[in-house]
Amino acid sequence: MTTYSTVDDVRYRSGGDNGILRHVLFEEWQSRCYWCETPVLFASVEIDHILPHTATAEHLADLIRRHDLPADFDVHAPANLAPICGRCNREKSNNRFAGTLVTGKLARAAKKQDRVIQRVLAFATAHQRAAHAVAADQALRSPAEVLARIRMLTERVQAFSDTWRQDVTTTADGIALLFTPKTAHQEPGLPPLFDLSADDPATDEVGRGLTEVRDYGGAVVIDGRYLIPPDDSATSSIAEVLGLTGPDDQVLIAAVGTQLDPATTFHLALVTAGGAVRDRLPLHADSVASGQRGARMILRDGVGLFTACLQAEHPDNGGTITTHLTSTSLAGHYPYQLLAALQLFRDAEPTDRLEVRLNDRPLGSPVDVDAEQMGQILLAFRYDGDLITALDRVQAHTGQRFPVPEQITAKERTDLLLAARLLDGKAITLTDDVLTLTVKPDAIGAFLQDQHPGQPGELTAVGAEYAVTCGEHRMALGPVTIRAPQVTLVNADEMSAAATAAPVKARYQCLPGAKIAVHLASVDAPDGRPAKAAADYPRF
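Residue numbering for the sequence shown follows numbering that gives the first Met the number 0, beginning at 0 and increasing consecutively.
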C-alpha cells in the first residue's frame with residue numbers, strides 16, 4: 000500500500016497503489032467523469048493526467064506554456080489529476096490538450112488540490128493504523144485469542160453510553176462504530192464522544208456540524224482533539240479504542256443513508272400561475288440522509304446544472320418540506336450538454352414558478368425567492384437558453400465545437416442570436432440606413448453608366464463572408480445577400496470627379512422607412528428570388 004506522510008508525497012505513483020488518491024479524487028469531482036461529466040461508478044473510474052505524463056519533454060513544456068502554468072508544473076500532482084471513465088480514457092487523444100476545455104479542467108483541478116491533499120493525508124493516517132491493527136490481529140496465535148480480542152472491543156464500546164448501542168462494523172475505508180438509540184422513540188442527544196467545553200472558538204462550529212448530522216443526517220469531519228480524553232478509570236476512552244492519539248487525527252461522523260425505491264421519480268417542473276405544468280426536467284437523487292428532526296436529499300439534473308436540496312421535517316416537528324435550488328455556471332459545458340436542462344425555460348413567463356416534484360406531486364418551490372425574483376430568474380434562464388441554443392446551432396453549422404466561455408459579451412450574445420436567425424432562413428435587418436459599395440478605379444465609369452442618380456431603386460448584392468465571434472473563437476457562416484429595396488446613390492458627382500488610383504466608395508441612402516435586409520446567400524431570399532451579383536462586395 001502506498002503511504003503518504005507529507006504534502007509533497009500526495010502525487011500519482013506510477014506502478015504503485017493509488018487507491019486512496021483515486022477514492023478522494025472520485026469524491027471531490029462529485030462521482031463524475033471529469034471529461035464527459037457523466038456520473039460513474041467508483042469501480043469503473045481511473046485516474047487521468049489532464050496534461051499527459053507520457054508526452055515528450057518538449058511537447059509537455061509547450062502545453063505548460065500554452066495553459067499559462069508554472070514551468071515546474073508537476074504532472075503527477077492533484078492539480079493535474081482527475082477521475083475519468085474508461086471510455087473517455089480510451090478515446091481521449093493527445094491533440095486535444097491545448098484548447099479552452101483543458102484550461103477549464105486544469106483550473107478546476109487546481110482549486111481542488113489543497114482539499115485533495117488534506118483528505119489523502121487524513122485517509123492515509125487512518126489506513127496505516129488499520130494496517131497496524133490487522134498486523135496485531137494476525138499475530139494472535141489461535142482462533143480463541145481472536146474471539147477474545149473481538150469480545151473485549153465490543154465490551155469496551157458498550158460502556159460508553161447507557162442510551163446508545165454501539166456496534167463494530169467494517170466499511171470500504173476500515174473499521175467503523177455504528178451508534179443506534181437503544182429505544183426507538185427516544186431523543187438521546189449526541190453520542191458521548193466529544194468534549195466541546197474547551198475554550199476554543201471552533202467548538203461552536205463543531206457543535207453545529209454534529210447537531211446537523213444528528214437532526215438531518217449527512218456527514219461531518221471532526222478533529223480528533225475534540226474526542227473525550229482518557230481518564231483514570233478502568234474503562235477505555237473512545238480515542239484509545241480507535242487508536243486516535245496524533246494531533247492531526249480526524250473522525251468522520253456520518254448518518255446511515257437510506258436507498259430510494261427505484262420507481263421513485265423526481266422532476267424540476269415549470270408551472271404556470273394556474274397550476275399547469277409547462278415542462279419537466281428529470282432529477283436524479285442520492286440516498287436519503289435522515290436524523291431525529293427530519294431528512295435531507297440532494298437532487299441533480301443529468302449535467303449537474305441544477306441542484307435541489309430537499310429538507311423534510313418529521314411529522315412531530317410539523318412535517319414541512321423546504322426546497323433550496325442552486326445552479327452552476329454554464330461556462331465549461333458544451334452547449335449540446337446544456338440544451339435539455341435549458342429547454343425547461345423555453346416558454347417561461349414572469350408569472351410562472353419552479354417546483355420540485357416527487358412522482359409528479361409538488362414538493363414545493365424554492366424558499367427565499369418571492370414571485371418577482373422568480374420571474375426575473377425564469378426570464379434570465381429563458382434568455383440563456385436562447386443564447387445556448389443559438390451557439391449550438393452555429394457550432395453545428397460551422398463544425399466548431401467548444402465549451403461555453405467564462406464570459407460572453409453583450410455584442411457576442413446579440414451576434415449569435417442574429418446568426419441563428421440567419422441559419423433558420425430568416426432575414427435580419429440592419430440598423431444603418433446607409434449602404435456602401437467599394438468600386439475599383441477601372442470600373443467606376445461602367446458603374447456610373449448603370450446608375451440613375453437621384454432616382455430610388457432596389458439594390459441587391461452578394462456580400463463577403465458573415466462571421467461571428469464567441470470568446471477566442473471565430474465562426475464563419477458563409478456569404479450573405481444584402482437587399483435594400485429603396486435606396487438612392489447620393490455621391491455620383493463625387494465619384495465622377497474622382498481622379499485616383501484607389502478604390503472609390505459608392506454611398507446609397509435608404510428612403511425614409513426603408514430597411515436593409517441580410518440573409519445567408521445559401522438560403523433562398525424571403526421572396527424566393529435569387530440574389531443578383533454586385534459590382535463588388537459591400538462594406539457594412
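No residue lacks a Cβ here, since even glycine has one placed at the ideal position from N, Cα and C.
Going by beta carbons, Ala419 and Ala389 fall inside the 8 Å limit. Secondary-structure assignment with DSSP links Pro511 through no beta bridge to anything. By DSSP's assignment, Lys91 forms no beta bridge with any residue. At the C-beta level, Gly208 and Gly290 stay beyond 8 Å of one another. By the Cβ criterion, the stretch 265-283 is in contact with the stretch 333-346, since at least three pairs of Cβ atoms, one from each stretch, lie closer than 8 Å. The secondary-structure analysis by DSSP pairs Thr428 across a beta bridge with Ala516. When DSSP states are grouped into helix, strand and coil, Tyr465 belongs to the strand group. A distance below 8 Å between beta-carbons, with the five flanking residues on each side excluded, links Gly456 to the following residues of its chain, in chain order: Gln485, Val486 and Thr487. Taking 8 Å as the cut-off, the beta carbon of Val276 is found no closer than this to the beta carbon of Thr322. A contact between stretches requires three or more CB pairs, one per stretch, nearer than 8 Å, and the stretch 371-379 fails this requirement with the stretch 401-418. Residues of the same chain with a CB within less than 7 Å of the CB of Leu324, apart from the 5 flanking positions on each side, are Phe305, Ala307, Leu353 and Pro365 in chain order. Assignment of Gln291 by DSSP, reduced to helix, strand and coil, places it in the coil class. Shown here, Gly444 sits in a helix according to DSSP, grouped into three states. In this structure, the alpha-carbon of Phe72 lies about 10 Å from that of Leu50. Taking the CA atoms as reference points, Pro38 sits about 26 Å from Ala311.
In this structure, DSSP gives Gln112 a helical state, which the three-state scheme calls helix. The shortest CA-to-CA distance from Thr263 to any of Leu298, Val503, Phe401 and Lys439 is the one to Leu298. Inter-residue distance for Tyr11 and Glu90 is about 21 Å (C-alpha atoms, whole angstroms). In this structure, Arg224 is the residue among Asp61, Thr437 and Arg224 with its C-alpha nearest to the C-alpha of Asp199.
Using a Cβ distance threshold of 8 Å, Thr397 and Ala475 count as a contacting pair.
Counting C-beta pairs with one atom in each stretch, the stretch 467-482 and the stretch 494-509 have fewer than three that are closer than 8 Å, which means they do not touch.
Val479 is bridged by DSSP to Leu519. One Cα belongs to Pro402, the other to Gln336, and the distance between them is close to 9 Å. Selection Arg65, Val467, Arg412 and Cys32 evaluated against Ser43 yields Cys32 as nearest (Cα-Cα).
In the same chain as Ile320, and ignoring 5 residues on each side of it, the C-beta atoms closer than 8 Å to its own belong to Leu309, Gln310, Ala311, Glu312, Leu362 and Gly363, in chain order.
Comparing alpha carbon positions, the residue from Ile443, Gln375 and Leu436 closest to Leu458 is Leu436. With a cutoff of 8 Å on beta-carbon distance, Ala78 and Gln112 are scored as near each other.
When secondary structure is reduced to three states using DSSP, His323 falls in the strand class.
The criterion of a C-beta distance shorter than 8 Å is not satisfied by Ala218 and Leu259. Secondary structure of Gly456 (DSSP, three-state): strand. One alpha carbon belongs to Asp432, the other to Ile83, and they sit about 55 Å apart.
The Cβ-Cβ distance between Thr102 and His66 falls below 8 Å.
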